[in-house]
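Residue numbers (my numbering): 11 to 281.
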């Protein structure tokens, strides 16, 4: 194992302990893994060194050539190490993940409200009145995509949407006014709900929820399903770096999940 492989192994043991544990748990030969990684880095450095050094210069002395090649290799090493973002970026902690993860309960509840509004809009407007359907926010994501993002069953999400009751039916000629009235109605029918903290389950934090949604969440099995989805997402994301957690996009979440060769649980398969 070359020096790059040894450096990478030491970095994983200290700064990416979960990824290191996963290697051991899967029976991966760590010696071979980091030997191969070190050789890949060395090959990248060699190619970049030739590129940065360029051809010999006319009239160049021996010492000048040595200096040029050394500078080129130093620059190549810097670039090659910087490109190894997965191998040499700090692994995300549970606390950072909980604070910066894209899939929060609050965002999910907002999504469900918007989906319900769109459903009512469509039912009231009909195909010939699509020009009236112009809420201020874009159309929410499809339930199947949210199911993959949140690792929640589609049937659970559909029930959450249905918990967002809407009354009265909107008048076709003034859908935007109905939407504002509906939101005002929700605001006076919300309550504070104490939920377990995602980092320290013995602690709690407050979430403001629409009363029918609170009843749905407290119904037998529903809150347990949400908590189980939190753990599933943590297991999915635990090997990501802090930069990936901060910068990720919903479509990237799906890519990461499938690139890790994991399978969605049967009850979450997208059909």
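Ideal Cβ positions, reconstructed from N, Cα and C, are used throughout, including at glycine.
query                                                                                                                             : result
Cα-Cα separation, residue 33 to residue 24                                                                                        : 14 Å
Supposed contact pair residue 44 and residue 64 - C-beta distance, whole angstroms, cut 8 Å                                       : Actually they are not in contact, since the Cβ atoms of residue 64 and residue 44 sit about 32 Å apart, beyond 8 Å.
Neighbour-count burial assignment, residue 26, 16 or more Cβ in a 10 Å radius                                                     : buried
Residue 107 at chain C interface by Cβ criterion, 8 Å                                                                             : Looking at the structure shown, chain C is missing, and only one protein chain is on hand.
Three or more C-beta pairs below 8 Å linking the stretch 84-91 and the stretch 100-110                                            : no
Presumed contact (8 Å Cβ cut-off) between residue 239 and residue 160, rounded CB distance                                        : 6 Å
DSSP-derived helix/strand/coil call for residue 114                                                                               : coil
Opening and closing residue of the beta strand (DSSP E) in which residue 87 lies                                                  : Run containing residue 87: none in the beta strand (DSSP E); it sits in the alpha helix (DSSP H), 72-93.
Residue 137 in three-state terms, based on DSSP                                                                                   : Note that residue 137 scores 46 on pLDDT, short of 50, meaning its location in the model is unreliable; the coordinates nonetheless yield the value given after this. Reduced to three states, the DSSP call for residue 137 is helix.
Own chain, CB closer than 7 Å to residue 244, minus 5 neighbours either side, in chain order                                      : 104 and 107
For residue 220, the residue or residues it bridges with in DSSP                                                                  : 200
Local conformation of residue 65 per DSSP, three classes                                                                          : coil
Residues bridged to residue 101 (per DSSP)                                                                                        : 251
Where residue 186 falls: helix, strand or coil (DSSP)                                                                             : helix
For residue 215: DSSP bridge partner residues                                                                                     : 205
Closest by C-alpha distance to residue 173, when choosing among 91, 128, 223 and 67                                               : 223
Pairwise C-alpha distance: residue 242 and residue 191                                                                            : 37 Å
Three-state secondary structure assigned by DSSP to residue 163                                                                   : coil
Local conformation of residue 144 per DSSP, three classes                                                                         : Reliability of the predicted coordinates at residue 144 is poor, the pLDDT of 47 falling under 50, and no value is obtained from them.
Assigned exposure category for residue 231 - 16 Cβ within 10 Å defines buried                                                     : exposed
Distance between residue 59 and residue 79 (C-alpha atoms, nearest Å)                                                             : 7 Å
Distance between residue 74 and residue 62 (C-alpha atoms, nearest Å)                                                             : 15 Å
Distance between residue 219 and residue 197 (C-alpha atoms, nearest Å)                                                           : 9 Å
Range of the contiguous alpha helix (DSSP H) that encloses residue 32                                                             : 27-35
Within 8 Å, strictly: CB atoms of residue 199 and residue 29                                                                      : no
Buried or exposed (CB count within 10 angstroms, at least 16 for buried), residue 48                                              : buried
Beta-carbon contacts of residue 116 that lie in its chain and below 7 Å, excluding the five residues immediately before and after : 217
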